[in-house]
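Engineer: If you scroll down you'll find the structure; I have some questions about it.
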Amino acid sequence: MTLKKDQNMKTSDKVESCPFCGEQAYHHQIKPIRLKYKSYLIRINQPGYFCDACEEGVIGGKGRQAIQAELDRFRKRIDFLSVCDLVKSRIGKLHETR
Numbered sequence: 022m023t024l025k026k027d028q029n030m031k032t033s034d035k036v037e038s039c040p041f042c043g044e045q046a047y048h049h050q051i052k053p054i055r056l057k058y059k060s061y062l063i064r065i066n067q068p069g070y071f072c073d074a075c076e077e078g079v080i081g082g083k084g085r086q087a088i089q090a091e092l093d094r095f096r097k098r099i100d101f102l103s104v105c106d107l108v109k110s111r112i113g114k115l116h117e118t119r
């Protein structure tokens, strides 16, 4: 499932008092979050407890586990691209010195 920007998917009808702002708007949901690694951005659908009023949230162990494989694949892909770029630049420098 793909969520559009700023679109949250409510996963629980249980609404609690937010530990950050105190409003009755804190519940489990899946929220699109942007993360940055080595100047590359990824948008993931992060499960966790988020407040609709203040937009603060808490991501528990299960929420982190849910996205860990996706983040690991993203990091490996970026690291591979970085190595490829380094090799290309070194090869280019070798050709310039000959």
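Sequential numbering of the sequence shown, starting at 22, is according to the working numbering. Even for Gly, the Cβ is constructed at its ideal location relative to N, Cα and C.
When you compare the CB positions of residue 74 and residue 46, do they come within less than 8 Å of one another, or not?
Structural biologist: Their beta carbons are under 8 Å apart, which means residue 74 touches residue 46 by this criterion.
Engineer: Rounded to whole angstroms, what is the Cα-Cα separation between residue 29 and residue 104?
Structural biologist: Going by the C-alpha atoms only, they are around 36 Å apart.
Engineer: Quick check on residue 105 - is its C-beta less than 8 Å from some C-beta in chain D?
Structural biologist: Given the protein chain composition of this structure (a single chain), no chain D is represented.
Engineer: Going by beta-carbon coordinates alone, are residue 51 and residue 32 separated by less than 8 Å?
Structural biologist: In this structure, residue 32 lies closer than 8 Å to residue 51 by Cβ.
Engineer: Which same chain residues, not among the five before or five after residue 49, have their C-beta less than 6 Å away from its C-beta?
Structural biologist: The residues are 32, 33 and 70.
Engineer: Hey, could you find the ends of the beta strand (DSSP E) residue 66 is sitting in?
Structural biologist: 61 to 72 is the span of the beta strand (DSSP E), which, as asked, contains residue 66.
Engineer: Helix, strand or coil: how does DSSP classify residue 146 here?
Structural biologist: Because the chain is modelled from 22 through 119, residue 146 falls outside the range shown and cannot be assessed.
Engineer: Return the bridge partner residues of residue 50 from the DSSP annotation.
Structural biologist: Paired residue(s): 31 and 69.
Engineer: Going by the DSSP bridge assignment, what does residue 55 pair with across the sheet?
Structural biologist: Its beta-bridge partners are 64.
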